[in-house]
Amino acid sequence: MAFMKDILTRNIPIWEECAATPFVQEVQTGKLPLEKFKRYMIQDSI
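Number 7 in the UniProt record's numbering belongs to position 7 of the sequence shown; there are no gaps in the numbering.
Written out as structure tokens, the structure is:
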């Protein structure tokens with residue numbers, strides 16, 4: 001478990017930076033336009 005704890009601790013700044021992006025913020029608040037979500041899903045499946 002020490003390995004996982006170390007990995008998670010070292011990457012908290014990266015996680016927080018990703019979570020602060022407009023896309024993630026819009027998902028969290030339910031304000032992400034449907035077209036943006038559709039585009040994301042298409043790109044993610046490629």
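A virtual CB, placed ideally from N, CA and C, is assigned to each residue, including glycine. Since this is a predicted model, take the numbers as computed values, not measurements.
Query: When you compare the CB positions of glutamate 26 and leucine 32, do they come within less than 8 Å of one another, or not?; Result: yes
Query: Going straight from the alpha carbon of glutamine 43 to that of methionine 4, what length do you get?; Result: 30 Å
Query: Less than 8 Å between CB atoms is the rule here; does arginine 39 satisfy it with respect to chain B?; Result: Of the chains in the structure shown, none is chain B; there is only one protein chain.
Query: Can you look up methionine 4 in the DSSP assignment and give me helix, strand or coil?; Result: helix
Query: Report the residue ranges of all alpha helix (DSSP H) runs contained in full by the UniProt domain "Thiaminase-2/PQQC" (13 to 45); include only those spanning at least 4 residues, in chain order.; Result: 22 to 29 and 34 to 45
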